[in-house]
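A.B. asks:
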Amino acid sequence: MCPTNQRSVKTLPESETPNDDGDWRRDAINGGSLKHVDLHDGINGWASPPGDLFHLRGPNFFFKRQKSPSGDWLLKPAGVDWLRSASKLDDVLGRPDNRIMSALKRSHSLGRSMKAFIFAVNLQIPGRESHSAVFYFAADDPIPPGSLFYRFVHGDDAFRNERFKIVNRIVKGPWIVKAAVGNYAACLLGKALTCHYHRGENYLEIDVDIGSSAIANAILHLALGYVTAVTIDMGFLVEAKTEEELPERLMGAVRVAQMEMSSATFVDVKVEGEERVAAESGGGGGSKGGKSGRRRVNHHHGRHTAVAGRSGSGGGEENKG
131 MCPTNQRSVK
141 TLPESETPND
151 DGDWRRDAIN
161 GGSLKHVDLH
171 DGINGWASPP
181 GDLFHLRGPN
191 FFFKRQKSPS
201 GDWLLKPAGV
211 DWLRSASKLD
221 DVLGRPDNRI
231 MSALKRSHSL
241 GRSMKAFIFA
251 VNLQIPGRES
261 HSAVFYFAAD
271 DPIPPGSLFY
281 RFVHGDDAFR
291 NERFKIVNRI
301 VKGPWIVKAA
311 VGNYAACLLG
321 KALTCHYHRG
331 ENYLEIDVDI
341 GSSAIANAIL
351 HLALGYVTAV
361 TIDMGFLVEA
371 KTEEELPERL
381 MGAVRVAQME
391 MSSATFVDVK
401 VEGEERVAAE
411 SGGGGGSKGG
421 KSGRRRVNHH
431 HGRHTAVAGR
441 SGSGGGEENK
451 G
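Okay, structure coming up:
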């Protein structure tokens, strides 16, 4: 598979442009192997679709079952990593050489962004080589206490599994992918798939094991066969279950546009037995027990090699709620 010629990286619109405290986000956004591209015609990269493209539960949902455009995201985009490795990658933000966390720490050393919080979704795709699509979002200010997102961050795994939802829409793709995935679909990932939650001092990462579902596995095997022809929007949110929690709001959203599998950065997972020292704030537990392996890796400088054939799993299910 030959890499597709990448379009030039787009300039962030004014609403996304980092301020002085958010300069670390500029480095994070533009530093990954999967490039930040134009929302409308970029290829082999990612962009940030506006929240209005996603229809979520509106303020009158429990009375009239009405949905409405989400509006602005709760969090700002902070980059995407497309990684491959010999084994599954867990707690990517907790690794000492994670480029997103390194950018934030550099900002901290200058006395900036001291209150920033990172939220990440790591879609783990099994295959002959493991792949991870990691989507990062950030808040510059403390999360408002009592808010639904605050309860999600500080809650237990049972609460998170009941509420963590993805909504996706196929922007471009062959009919067979649209038929399998659905033009617009929603899924409670914590119920459909095994999710592991890693809570650090200033981050929450959700590792979604797509291989834990045979149905999701089959759907993604199909979709990956057409990956260079598919553009998909994904939004992440905490599902509202009471009137007080309405309207629903996206935590963040990402568009992946006609991606090349060969764009993935190789992550060297060392197996000499050197364990990463756990963060003082504690690592993260799995939603179904067990701790993920924590080994030192390097994904700053990856080699790019084409991956032959399809690998992976994934997908979602129609959710009319």
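Just so we're aligned, residue 131 is where the sequence shown starts under our numbering, counting upward by one. Beta carbons: idealized from backbone N, C-alpha and C, even for Gly.
Near F265, what residues of its chain come up, given a Cβ to Cβ distance below 6 angstroms and the 5 sequence neighbours on each side ignored?
C.D. replies: Excluding residues within five positions, the ones whose Cβ falls inside 6 angstroms are V210, V251 and V384.
A.B. asks: Can you list, in chain order, the residues of its chain with a C-beta nearer than 6 angstroms to that of N332? Leave out the 5 residues immediately preceding and following it.
C.D. replies: So the list reads F247, once near-sequence residues are dropped.
A.B. asks: Excluding five sequence neighbours on each side, which residues of the same chain lie with their C-beta closer than 7 angstroms to the C-beta of L205?
C.D. replies: Closer than 7 angstroms at Cβ, skipping near neighbours: F249, F267, A268, A269, M381 and G382.
A.B. asks: Quickly, what does DSSP pair V297 with across the bridge? List them, please.
C.D. replies: Answer is A316 and G365, bridged to V297.
A.B. asks: I'd like to check one pair, P199 with D182: are the Cβ atoms closer than 8 angstroms?
C.D. replies: Contact flag set, yes.
A.B. asks: Tell me where the alpha helix (DSSP H) around I248 begins and ends.
C.D. replies: No alpha helix (DSSP H) holds I248; the beta strand (DSSP E) holding it covers F247 to I255.
A.B. asks: State yes or no: is the C-beta of D153 within less than 8 angstroms of the C-beta of S239?
C.D. replies: Taking 8 angstroms as the Cβ cut-off, D153 and S239 do not qualify as a contacting pair.
A.B. asks: Classify I336 as helix, strand or coil using the three-state DSSP reduction.
C.D. replies: Strand at I336.
A.B. asks: Just how far apart, CA to CA, sit I173 and L164?
C.D. replies: Distance between the alpha carbons of I173 and L164 is about 10 angstroms.
A.B. asks: Residues bridged to G175 by DSSP?
C.D. replies: For G175, which the question treats as bridged, DSSP gives the partners K165 and A387.
A.B. asks: So who's on the other strand from L354, going by DSSP bridges?
C.D. replies: For L354, which the question treats as bridged, DSSP gives no partner whatsoever.
A.B. asks: Going straight from the alpha carbon of I306 to that of V360, what length do you get?
C.D. replies: Going by the C-alpha atoms only, they are around 11 angstroms apart.
A.B. asks: CB-CB under 8 angstroms to A177, same chain, minus the five flanking residues each way: which ones, in chain order?
C.D. replies: Counting only Cβ-Cβ distances below 8 angstroms, and skipping sequence neighbours, we find K140, H166, V167, D168, L169, V384, R385 and A387.
A.B. asks: Please classify K302 as buried or exposed, where buried requires at least 16 neighbouring CB atoms within 10 angstroms.
C.D. replies: Classification of K302: exposed, given that the 10 Å Cβ count is below 16.
A.B. asks: Would you mind stating whether I296 and M364 have Cβ atoms separated by less than 8 angstroms?
C.D. replies: Yes; because the gap between Cβ atoms is below 8 angstroms, this pair is in contact.
A.B. asks: Between K321 and I255, what straight-line distance do the alpha-carbon atoms span, to the nearest angstrom?
C.D. replies: One C-alpha to the other measures close to 18 angstroms.
A.B. asks: Reducing DSSP to helix, strand and coil, say where S277 ends up.
C.D. replies: Three-state result, S277: coil.
A.B. asks: Identify whether S215 lies in helix, strand or coil by the three-state DSSP scheme.
C.D. replies: Strand, per DSSP.
A.B. asks: Here's the rule I'm using: 16 or more other beta-carbon atoms within 10 Å means buried, otherwise exposed. How should N298 be labelled?
C.D. replies: Flag for N298 reads buried.
A.B. asks: What separation, rounded to the nearest whole angstrom, lies between the Cα atoms of V427 and D398?
C.D. replies: In this prediction, V427 scores a pLDDT of 36, lower than 50, which makes its location untrustworthy; no coordinate-derived value is stated.
A.B. asks: Can you tell me the Cβ-Cβ gap for D271 and K245, rounded? I've got them flagged as a contact below 8 angstroms.
C.D. replies: With a Cβ gap of about 6 angstroms, D271 and K245 count as contacting.
A.B. asks: Shortest alpha-carbon distance to L350 belongs to which of Y280, H261, K194 and C325?
C.D. replies: Looking at the Cα atoms, H261 is the closest of the given residues.
A.B. asks: Do you know how far the Cα of D202 is from the Cα of P189?
C.D. replies: Those two C-alpha atoms are separated by around 16 angstroms.
A.B. asks: Shortest alpha-carbon distance to I159 belongs to which of W212, A316 and A346?
C.D. replies: The candidate whose alpha carbon is nearest that of I159 is W212.
A.B. asks: Give the DSSP-derived three-state secondary structure of K197 in the structure shown.
C.D. replies: K197: strand per DSSP, three-state reduction.
A.B. asks: Going by the DSSP bridge assignment, what does K321 pair with across the sheet?
C.D. replies: Partner(s): none; K321 has no beta bridge.
A.B. asks: Please classify G241 as buried or exposed, where buried requires at least 16 neighbouring CB atoms within 10 angstroms.
C.D. replies: Its Cβ having fewer than 16 others within 10 Å, G241 is exposed.
A.B. asks: Taking just the CA atoms, how far does L234 sit from I362?
C.D. replies: Taking the straight line from one Cα to the other gives about 28 angstroms.
A.B. asks: Report the rounded CA-to-CA distance for R293 versus V283, giving the unit in angstroms.
C.D. replies: Rounded to whole angstroms, R293 to V283 spans 11 angstroms at the Cα level.
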